[in-house]
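According to the numbering used here, the residues represented by the sequence shown are 12 to 513, in order.
Reading through the structure tokens given below for one structure.
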Amino acid sequence: MSNTNKKHVETVIVGSGFSGIGAAIELKRIGMHDFVILEKANDLGGTWRDNTYPGLTVDVASTSYSYGFAPKSDWSRLYAPGSEVKAYADECALTFGIREHINFGKQVKCSRYDQSANLWETTLESGEVYCSTYLVSATGLFGPPKLPEIDGIESFSGHIMHTGQWDHSYDFKGKRAAVIGTGATAIQVIPELVDDVSHLAVFQRTPIWLLPKPDVVFNKWVKNLFRILPVTQRILRFITHTLNEILFGIGFSHNRQFPWIFKCLKKVGISHIRSQVSDPELREKLTPAYDFFCKRPSFSNVYYPVFNRDNVSLITEGIESIRDDVIETSDGHKHVVDVLICATGFSVFDKNIVPAFQTYGLDGLEIGEYWEENRFSAFQGITVPKFPNYFMIFGPYSAASASWFGMIDTQVRHMSRCLKAAKKKNADYIEVKQEAYDKDVRHIMRRRKDQLVFNGDCTRSRSYYFDKKGDVPLIRPATQLGMWIRSHLVRMSNYKFDQRGV
Ligand code: NAP
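See below:
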């Protein structure tokens, strides 16, 4: 392609979920308006655009699941439905003038740093090329929906769907349904199906830890209060943030020092099962044999009671094969089903999942290959040596908060501090120093022994938190408050700044 066919902007952001929108708002805030957001789909919202299964709600209090600078006063309840979260993404993109920067239907194939021009060349599947000084990946955590690897699944003769690609046209009335998986998605979707289907078979490999959901409806009085006196919503946000910080930041990342936090929650989880499930054998099957939070726990008041119903079976024998409309389990039982729902999650930390496209830095180094040979890591979860002018909103070890917005907040702050420092120094080249990166990796390795996943018993959890190397790059061994302070104070001497543009 000739140079004239290439589009030039100062910054390319890839992805228009909350991370991409958050990065864009921050760029505008610091006066960098020349950017484009490349989005593969025809709508914005990332995970909240793609996931539309029945029962979807956010599993973090909505007061914390939002940008601090854009509180939404009319959430219908504390744990808002997915459709409201998606509407919030639309609203923010509109209010902050981000929507007009989004180019839809632009699937990025790869991005390559051109050393001679100090430019990132981002190539789309269509062949189009965008050149930019800065590149920001905001492609989230999840890869494509993952179907279970089960012998014969492709020959299933009934209707099959993944929760991440819900088929709303399917009528469940009177059908024999099966759900594979009992993660945070399954526990939301299963209670929505039981009234319609004639029978529901739930195939559980590993049970999930569940706590009672402290959900409340925000009636018109509460909404009016939030609108007229915004400080009341700020107070509630402070409370939900603090609880998240105690449970997640301290309970998880300082598990060695504060083991009692999760021990208490484990007891709450056990008594939740006892109070909602009458059959002792069922209770036993639903009780996890690993420590609380080895994998993402969730909240629900309606999941366990489902198993008291006559038209629901919990199947814990492993699935051997699928032939036509029959799921055969290891005990030889043949389960005949009309519709199979795979609540089997997504690929996470794997090559070209984070980020979701090939990224070539200095000397043609590809970031996914580099991490495969070494280990997933990034300085403060955002920058990597040899990848100048490149910022990952969600990178390895960037998240220390139960809410995705906590992560966005610290990462975009870190990014804009680098960009502002570059402008001040009249530089257009920003690269994190190798020694800063190495020091951060050593720090994480030292601190991670305090985390629940390394301090507790997670052997029987099959947790997707662990990557192929046994690391947990999804969660930084830190508190959100610690990350927030660091993002404000991170020393710019950790970076090389230069003037390289031609
Ligand atoms: P997930 O947590 O990865 O759970 C997948 C489930 O499928 C697990 O129970 C897994 O069993 C099971 N599974 C996978 N392959 C299987 C096989 N071959 N045979 C039998 N079982 C199999 O996926 P998810 O529930 O979709 O959740 C994905 C992420 O979305 C999580 O991070 C969750 O927290 C998040 N989420 C967030 C919200 C929200 O409101 N913010 C809502 C829902 C989900 P094993 O455990 O044995 O592997």
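No residue lacks a Cβ here, since even glycine has one placed at the ideal position from N, Cα and C.
Proximity below 9 Å, CB of residue i to CB of residue j
i: residue 30; j: residue 149; result: yes
i: residue 364; j: residue 370; result: no
i: residue 412; j: residue 259; result: yes
i: residue 242; j: residue 143; result: no
i: residue 319; j: residue 286; result: no
i: residue 153; j: residue 58; result: yes
i: residue 372; j: residue 407; result: no
i: residue 90; j: residue 201; result: no
i: residue 396; j: residue 442; result: yes
i: residue 346; j: residue 189; result: yes
i: residue 403; j: residue 393; result: yes
i: residue 332; j: residue 161; result: yes
i: residue 85; j: residue 238; result: yes
i: residue 67; j: residue 28; result: no
i: residue 108; j: residue 423; result: no
i: residue 427; j: residue 37; result: yes
i: residue 509; j: residue 439; result: yes
i: residue 360; j: residue 463; result: no
i: residue 257; j: residue 281; result: no
i: residue 119; j: residue 368; result: yes
i: residue 77; j: residue 405; result: no
i: residue 115; j: residue 62; result: no
i: residue 129; j: residue 491; result: no
i: residue 305; j: residue 474; result: yes
Candidates the options, of which the one nearest residue i by Cα
i: residue 435; options: 328, 217, 503, 318; result: 503
i: residue 482; options: 59, 455, 498; result: 455
i: residue 485; options: 441, 401, 388; result: 388
i: residue 349; options: 239, 336, 361; result: 336
i: residue 185; options: 205, 57, 201; result: 205
i: residue 64; options: 199, 280, 289; result: 199
i: residue 122; options: 164, 215, 25; result: 25
i: residue 21; options: 477, 339, 112; result: 112
i: residue 391; options: 228, 340, 317, 500; result: 500
i: residue 476; options: 410, 431, 507, 495; result: 410
Any non-hydrogen atom of the ligand NAP within 8 Å of residue i CB
i: residue 246; result: no
i: residue 416; result: no
i: residue 155; result: no
i: residue 197; result: yes
i: residue 98; result: no
i: residue 161; result: yes
i: residue 68; result: yes
i: residue 63; result: no
i: residue 354; result: yes
i: residue 193; result: yes
i: residue 71; result: yes
i: residue 215; result: yes
i: residue 309; result: yes
i: residue 306; result: yes
i: residue 229; result: no
i: residue 141; result: no
i: residue 475; result: yes
i: residue 357; result: yes
i: residue 330; result: yes
i: residue 219; result: yes
i: residue 133; result: no
i: residue 174; result: yes
Alpha helix (DSSP H) segment containing residue i, residue limits
i: residue 238; result: 231-239
i: residue 332; result: It is not in any alpha helix (DSSP H) - residue 332 instead sits in the beta strand (DSSP E) that spans 330-334.
i: residue 106; result: 93-106
i: residue 273; result: 270-287
i: residue 430; result: 415-435
i: residue 499; result: 491-500
i: residue 30; result: 29-40
i: residue 60; result: 58-61
i: residue 296; result: 291-297
Proximity test, Cβ basis, 9 Å: residue i and chain D
i: residue 74; result: In the displayed structure, chain D is absent; only one protein chain is listed.
Beta strand (DSSP E) segment containing residue i, residue limits
i: residue 122; result: 119-125
i: residue 135; result: 130-135
i: residue 443; result: 440-443
i: residue 337; result: 337-340
i: residue 369; result: 369-371
- Task: Count the CB pairs spanning the segment 325-343 and the segment 137-147 that are closer than 8 Å, and state whether there are at least three.
- Result: Taking 8 Å as the limit for Cβ pairs, the verdict is that the segment 137-147 does not touch the segment 325-343.
- Query: Counting Cβ pairs closer than 8 Å, one from the segment 344-353 and one from the segment 172-186, do we hit at least three?
  - Reply: Yes, since at least three Cβ pairs between the segment 344-353 and the segment 172-186 fall closer than 8 Å, the two stretches touch.
- Message: For the pair the segment 437-447 and the segment 470-480, tell me if three or more CB-CB distances fall below 8 Å.
- Response: Not touching, per the Cβ criterion.
- Query: Quick one: any contact between the segment 374-389 and the segment 212-232, if contact means 3 or more CB pairs under 8 Å?
  - Reply: Inter-segment contact for the segment 374-389 and the segment 212-232 is absent: fewer than three beta-carbon pairs are separated by less than 8 Å.
- Would you say the segment 301-320 touches the segment 188-205, given that touching needs at least three Cβ pairs under 8 Å? The answer is yes - the segment 188-205 touches the segment 301-320, with three or more Cβ pairs under 8 Å.
- Message: Would the segment 36-53 count as touching the segment 129-144 if we require 3 or more Cβ pairs under 8 Å?
- Response: The answer is yes - the segment 129-144 touches the segment 36-53, with three or more Cβ pairs under 8 Å.
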